[in-house]
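Residue numbers (our numbering): 26 to 271.
Here the structure is laid out as C-alpha coordinates; the discussion comes afterwards.
Below, the structure written as C-alpha coordinates:
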(Lines of atoms letter the chains of each structure in order from A; the text may use other names.)
(Lines give C-alpha, C1' and ligand atoms only; values in the text may rest on other atoms or scores of the structure.)
Protein backbone atom coordinates (compact mmCIF):
# COMPACT_ATOMS: atom_id res chain seq x y z
CA UNK A 26 0.00 0.00 0.00
CA UNK A 27 1.19 3.48 -0.80
CA UNK A 28 0.31 6.72 0.90
CA UNK A 29 -1.02 9.10 -1.70
CA UNK A 30 0.52 12.59 -1.82
CA UNK A 31 -1.73 15.34 -0.57
CA UNK A 32 -3.07 17.63 -3.24
CA UNK A 33 -4.65 20.98 -2.52
CA UNK A 34 -7.68 22.37 -4.24
CA UNK A 35 -9.57 19.08 -4.78
CA UNK A 36 -13.09 18.37 -3.64
CA UNK A 37 -12.01 14.98 -2.26
CA UNK A 38 -8.48 14.05 -1.35
CA UNK A 39 -7.07 10.54 -1.68
CA UNK A 40 -5.13 9.39 1.37
CA UNK A 41 -4.68 5.63 0.82
CA UNK A 42 -5.18 3.41 -2.18
CA UNK A 43 -4.66 -0.12 -3.53
CA UNK A 44 -6.50 -1.68 -0.58
CA UNK A 45 -8.62 -4.80 -0.46
CA UNK A 46 -12.22 -4.52 0.72
CA UNK A 47 -11.49 -5.38 4.37
CA UNK A 48 -8.61 -2.90 4.62
CA UNK A 49 -10.71 -0.14 3.10
CA UNK A 50 -13.57 -0.85 5.51
CA UNK A 51 -11.20 -0.73 8.52
CA UNK A 52 -9.82 2.63 7.37
CA UNK A 53 -13.30 4.12 6.86
CA UNK A 54 -14.49 2.91 10.28
CA UNK A 55 -11.39 4.27 12.03
CA UNK A 56 -11.83 7.68 10.40
CA UNK A 57 -15.53 7.72 11.27
CA UNK A 58 -14.63 7.01 14.91
CA UNK A 59 -12.31 10.02 14.74
CA UNK A 60 -15.06 12.27 13.43
CA UNK A 61 -13.93 12.32 9.79
CA UNK A 62 -16.30 11.49 6.95
CA UNK A 63 -14.53 9.23 4.43
CA UNK A 64 -15.59 7.47 1.27
CA UNK A 65 -14.16 4.48 -0.56
CA UNK A 66 -14.21 3.67 -4.25
CA UNK A 67 -12.83 0.87 -6.36
CA UNK A 68 -10.67 1.20 -9.43
CA UNK A 69 -11.96 -0.16 -12.72
CA UNK A 70 -11.33 -3.85 -13.35
CA UNK A 71 -11.90 -7.04 -11.40
CA UNK A 72 -8.53 -6.76 -9.64
CA UNK A 73 -8.74 -3.05 -8.89
CA UNK A 74 -8.00 -1.96 -5.34
CA UNK A 75 -10.01 0.39 -3.16
CA UNK A 76 -9.19 4.04 -2.58
CA UNK A 77 -10.20 6.05 0.51
CA UNK A 78 -10.83 9.78 0.19
CA UNK A 79 -11.59 12.59 2.62
CA UNK A 80 -12.14 16.32 2.31
CA UNK A 81 -8.86 18.31 1.97
CA UNK A 82 -9.13 20.06 5.39
CA UNK A 83 -9.38 16.64 7.09
CA UNK A 84 -6.49 14.98 5.23
CA UNK A 85 -3.71 15.70 7.73
CA UNK A 86 -5.79 14.64 10.74
CA UNK A 87 -6.94 11.52 8.89
CA UNK A 88 -3.35 10.49 8.25
CA UNK A 89 -2.51 10.97 11.93
CA UNK A 90 -5.46 8.79 12.99
CA UNK A 91 -4.41 6.03 10.59
CA UNK A 92 -0.81 6.20 11.79
CA UNK A 93 -1.90 5.97 15.46
CA UNK A 94 -4.00 2.89 14.68
CA UNK A 95 -1.39 1.31 12.42
CA UNK A 96 -3.73 1.31 9.42
CA UNK A 97 -3.99 -0.01 6.80
CA UNK A 98 -2.66 -3.33 8.08
CA UNK A 99 -1.03 -5.68 5.57
CA UNK A 100 -2.97 -8.86 4.91
CA UNK A 101 -1.10 -12.12 5.69
CA UNK A 102 0.04 -13.93 2.55
CA UNK A 103 -1.89 -17.10 1.81
CA UNK A 104 -1.49 -19.88 -0.73
CA UNK A 105 -2.53 -17.63 -3.61
CA UNK A 106 0.14 -15.03 -2.85
CA UNK A 107 2.95 -17.41 -1.85
CA UNK A 108 2.58 -19.96 -4.63
CA UNK A 109 1.19 -17.59 -7.25
CA UNK A 110 4.58 -16.00 -7.83
CA UNK A 111 6.52 -17.22 -10.80
CA UNK A 112 10.23 -17.94 -10.73
CA UNK A 113 12.84 -20.65 -10.93
CA UNK A 114 12.18 -24.14 -9.65
CA UNK A 115 12.59 -23.94 -5.86
CA UNK A 116 14.60 -26.40 -3.82
CA UNK A 117 12.91 -28.79 -1.40
CA UNK A 118 13.87 -26.56 1.53
CA UNK A 119 12.46 -23.45 -0.16
CA UNK A 120 9.28 -25.32 -1.04
CA UNK A 121 8.76 -26.38 2.60
CA UNK A 122 9.40 -22.82 3.79
CA UNK A 123 6.91 -21.40 1.30
CA UNK A 124 4.31 -23.99 2.25
CA UNK A 125 4.76 -23.20 5.95
CA UNK A 126 4.43 -19.47 5.23
CA UNK A 127 1.26 -20.07 3.22
CA UNK A 128 -0.30 -22.19 5.99
CA UNK A 129 0.54 -19.51 8.58
CA UNK A 130 -1.05 -16.85 6.40
CA UNK A 131 -4.24 -18.84 5.85
CA UNK A 132 -4.54 -19.51 9.59
CA UNK A 133 -3.99 -15.82 10.37
CA UNK A 134 -6.77 -14.91 7.96
CA UNK A 135 -9.09 -17.36 9.66
CA UNK A 136 -8.34 -15.87 13.08
CA UNK A 137 -8.83 -12.33 11.74
CA UNK A 138 -12.33 -13.36 10.61
CA UNK A 139 -13.36 -13.61 14.28
CA UNK A 140 -15.52 -10.68 15.32
CA UNK A 141 -13.49 -8.09 17.23
CA UNK A 142 -10.06 -9.23 15.98
CA UNK A 143 -8.13 -6.47 14.21
CA UNK A 144 -4.95 -8.42 13.49
CA UNK A 145 -3.41 -11.87 13.90
CA UNK A 146 -0.09 -13.61 13.32
CA UNK A 147 0.51 -17.36 13.35
CA UNK A 148 4.02 -18.80 13.71
CA UNK A 149 4.56 -22.48 12.97
CA UNK A 150 7.61 -24.51 13.96
CA UNK A 151 7.35 -27.75 11.98
CA UNK A 152 10.64 -29.67 12.21
CA UNK A 153 11.52 -31.85 9.25
CA UNK A 154 12.64 -35.45 9.82
CA UNK A 155 16.40 -35.98 9.93
CA UNK A 156 17.44 -39.06 7.91
CA UNK A 157 20.55 -39.47 10.09
CA UNK A 158 18.61 -39.26 13.37
CA UNK A 159 15.08 -40.52 12.70
CA UNK A 160 14.20 -40.82 16.39
CA UNK A 161 15.28 -37.32 17.42
CA UNK A 162 12.60 -35.32 15.62
CA UNK A 163 11.18 -32.72 18.02
CA UNK A 164 7.42 -32.23 18.15
CA UNK A 165 5.93 -29.32 16.19
CA UNK A 166 4.87 -26.17 17.99
CA UNK A 167 2.93 -23.02 17.11
CA UNK A 168 2.27 -19.56 18.49
CA UNK A 169 -0.65 -17.25 17.76
CA UNK A 170 -0.68 -13.51 18.48
CA UNK A 171 -4.12 -11.89 18.37
CA UNK A 172 -4.79 -8.16 18.62
CA UNK A 173 -8.42 -7.34 19.36
CA UNK A 174 -10.58 -4.38 20.24
CA UNK A 175 -10.64 -3.88 24.03
CA UNK A 176 -14.38 -4.53 24.24
CA UNK A 177 -14.03 -7.83 22.36
CA UNK A 178 -10.95 -9.31 24.04
CA UNK A 179 -12.96 -11.24 26.64
CA UNK A 180 -15.00 -13.03 23.99
CA UNK A 181 -11.86 -13.73 21.94
CA UNK A 182 -10.11 -15.26 24.97
CA UNK A 183 -13.13 -17.52 25.45
CA UNK A 184 -12.42 -18.94 21.97
CA UNK A 185 -8.81 -19.90 22.76
CA UNK A 186 -9.52 -23.67 22.90
CA UNK A 187 -11.12 -23.51 19.47
CA UNK A 188 -8.27 -21.42 18.08
CA UNK A 189 -5.73 -23.96 19.39
CA UNK A 190 -7.69 -26.81 17.84
CA UNK A 191 -7.95 -25.01 14.49
CA UNK A 192 -4.20 -24.32 14.34
CA UNK A 193 -3.32 -27.85 15.47
CA UNK A 194 -5.54 -29.29 12.76
CA UNK A 195 -3.48 -27.59 10.06
CA UNK A 196 -0.25 -29.48 10.78
CA UNK A 197 0.63 -33.13 11.22
CA UNK A 198 1.53 -34.19 14.78
CA UNK A 199 0.73 -30.72 16.16
CA UNK A 200 -1.21 -31.03 19.41
CA UNK A 201 -3.50 -28.25 20.71
CA UNK A 202 -1.49 -28.10 23.96
CA UNK A 203 1.58 -27.17 21.89
CA UNK A 204 -0.14 -24.06 20.51
CA UNK A 205 0.46 -20.89 22.52
CA UNK A 206 -2.16 -18.15 22.14
CA UNK A 207 -1.55 -14.55 23.20
CA UNK A 208 -4.47 -12.10 23.13
CA UNK A 209 -3.59 -8.41 23.40
CA UNK A 210 -5.67 -5.26 23.25
CA UNK A 211 -5.20 -3.21 20.11
CA UNK A 212 -4.31 0.43 20.57
CA UNK A 213 -7.16 2.78 19.75
CA UNK A 214 -6.53 6.45 19.22
CA UNK A 215 -8.63 8.79 21.41
CA UNK A 216 -11.13 11.13 19.83
CA UNK A 217 -9.71 14.54 18.83
CA UNK A 218 -9.26 16.87 21.81
CA UNK A 219 -9.71 14.11 24.41
CA UNK A 220 -7.17 12.59 26.77
CA UNK A 221 -7.17 8.79 26.96
CA UNK A 222 -9.16 7.65 29.97
CA UNK A 223 -6.33 5.43 31.15
CA UNK A 224 -4.04 8.46 31.44
CA UNK A 225 -6.12 10.16 34.14
CA UNK A 226 -5.84 7.51 36.89
CA UNK A 227 -2.10 7.16 36.28
CA UNK A 228 -1.56 10.92 36.36
CA UNK A 229 -3.68 11.33 39.49
CA UNK A 230 -1.82 8.56 41.28
CA UNK A 231 1.54 10.04 40.35
CA UNK A 232 0.52 13.50 41.58
CA UNK A 233 -0.89 12.11 44.83
CA UNK A 234 2.27 10.10 45.49
CA UNK A 235 4.50 13.10 44.79
CA UNK A 236 2.42 15.32 47.08
CA UNK A 237 2.47 12.75 49.89
CA UNK A 238 6.23 12.29 49.65
CA UNK A 239 6.78 16.05 49.60
CA UNK A 240 4.56 16.59 52.64
CA UNK A 241 6.27 13.81 54.61
CA UNK A 242 9.71 15.18 53.78
CA UNK A 243 8.72 18.70 54.84
CA UNK A 244 7.17 17.46 58.09
CA UNK A 245 10.26 15.41 58.90
CA UNK A 246 12.55 18.38 58.33
CA UNK A 247 10.41 20.64 60.52
CA UNK A 248 10.20 18.09 63.36
CA UNK A 249 13.96 17.51 63.38
CA UNK A 250 14.54 21.26 63.58
CA UNK A 251 12.03 21.74 66.41
CA UNK A 252 13.28 18.75 68.39
CA UNK A 253 16.83 20.03 68.16
CA UNK A 254 15.77 23.28 69.80
CA UNK A 255 12.93 22.25 72.15
CA UNK A 256 11.34 18.75 72.19
CA UNK A 257 8.42 19.95 74.31
CA UNK A 258 7.62 22.84 71.96
CA UNK A 259 7.82 20.54 68.95
CA UNK A 260 5.19 18.22 70.40
CA UNK A 261 2.95 21.06 71.56
CA UNK A 262 2.78 22.92 68.25
CA UNK A 263 1.83 21.96 64.73
CA UNK A 264 3.91 23.01 61.73
CA UNK A 265 3.53 26.64 60.63
CA UNK A 266 2.23 25.47 57.27
CA UNK A 267 -0.67 23.65 58.95
CA UNK A 268 -1.45 26.68 61.17
CA UNK A 269 -1.62 28.93 58.11
CA UNK A 270 -3.93 26.50 56.35
CA UNK A 271 -6.42 26.29 59.20
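No residue lacks a Cβ here, since even glycine has one placed at the ideal position from N, Cα and C.
| query | In angstroms, rounded to a whole number, what distance separates the CA positions of residue 191 and residue 137? | reply | 13 Å
| query | In this structure, does DSSP put residue 78 in helix, strand or coil? | reply | strand
| message | If I measure Cβ to Cβ from residue 65 and keep anything under 6 Å in the same chain, skipping five residues before and after, which residues do I get? | response | 49, 53, 75 and 77
| Does the Cβ of residue 97 have 16 or more other Cβ atoms within 10 Å, making it buried, or fewer, making it exposed? | Answer is buried; the Cβ neighbour count reaches 16.
| request: Evaluate residue 187 with the Cβ neighbour count: other Cβ atoms within 10 Å of its Cβ, from every protein chain shown; 16 or more gives buried, anything less gives exposed. | output: exposed
| query | Whose CA, out of 211, 194 and 210, lies closest to the CA of residue 203? | reply | Put simply, of 211, 194 and 210 the residue whose alpha carbon is nearest the alpha carbon of residue 203 is 194.
| query | Could you give the uninterrupted runs of the alpha helix (DSSP H) lying entirely in the stretch 28–68, keeping only those of 4 residues or more? | reply | Within the stretch 28–68, the complete alpha helix (DSSP H) runs of at least 4 residues are 46–58.
| task | Return yes when the Cβ of residue 59 is within less than 8 Å of the Cβ of residue 90, no when it is not. | result | In this structure, the beta-carbon distance from residue 90 to residue 59 falls below 8 Å.
| request: Drop a sphere of 10 angstroms on the beta-carbon of residue 73, count the other beta-carbons inside from all chains shown, and report buried for 16 or more, exposed for fewer. | output: exposed
| task | Could you name the residues of the same chain whose beta carbon sits closer than 7 Å to that of residue 304, not counting the 5 residues immediately before and after it, in chain order? | result | As displayed, the chain neither begins before 26 nor continues past 271, which places residue 304 out of reach and without an answer.
| So is residue 144 buried or exposed if we call it buried at 16+ other beta carbons inside 10 Å? | buried
| query | In whole angstroms, what is the alpha-carbon distance linking residue 155 and residue 198? | reply | 16 Å
| query | DSSP on residue 132, reduced to helix/strand/coil? | reply | Residue 132 falls in the helix class under three-state DSSP.
| query | Quick one: what does DSSP say residue 200 is sitting in, helix, strand or coil? | reply | Note: residue 200 maps to coil in three-state DSSP.
| message | With the cut-off set at 8 Å, would you say residue 178 and residue 153 are in Cβ contact? | response | no
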